[in-house]
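FYI, in this note's numbering the residues of the sequence shown are 601 to 712. Positions of the beta carbon are idealized from the N, C-alpha and C atoms, including for glycine. Quantities reported herein were computed from a predicted structural model and do not represent experimental measurements. The structure appears below as structure tokens.
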Amino acid sequence: MTLRASNAEQLHCLNEAASHAGLHRGMPLADARAICPCLSTRPADPAREASALEALRRWASRYGPHAAKDGFDGLIVDVSGVPHLFGGEAELLADVEARLDRVEERDRRDAG
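Okay, here's the thing in structure tokens:
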């Protein structure tokens, strides 16, 4: 995704493949296209991203009493004293991963 800043389009959000190609957040789009000519982009929607992050924060509160935003694109969840409720740390992580996998699969089905 790109975002207009300092009167130029810059990379705002990248997938793993773009990162592995050497692209990084804040890089001018023109420079990114020079490195990766087949780069596909779309405009970022900061308001929608903030709303999605807030929804994710609420969802993550299942795993700890204190789930908070960390900057504009991250979360911190305090799971102190919680893992035993899931059977241990490994089981808590497995639960998080399983639930995220189900959401990802649902989103793929809905998009296709």
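Cα atoms of H666 and P628: separation of roughly 36 Å, rounded to the nearest angstrom. S651 and I635 have their C-alpha atoms some 32 Å from each other. The secondary-structure analysis by DSSP pairs R604 across a beta bridge with E609. Counting every other CB atom within 10 Å of its CB across the protein chains shown gives L611 a total of 16 or more, marking it as buried. For R648, the closest C-alpha among the options S606, F672, E689, E691 is that of F672. Bridge pairing for V677: A667 [DSSP]. Straight across, the Cα-Cα distance linking R642 with E654 is about 22 Å. CA-to-CA, the gap between I676 and A660 works out to about 9 Å.
Our two residues, G687 and L623, have alpha carbons roughly 40 Å apart in a direct line.
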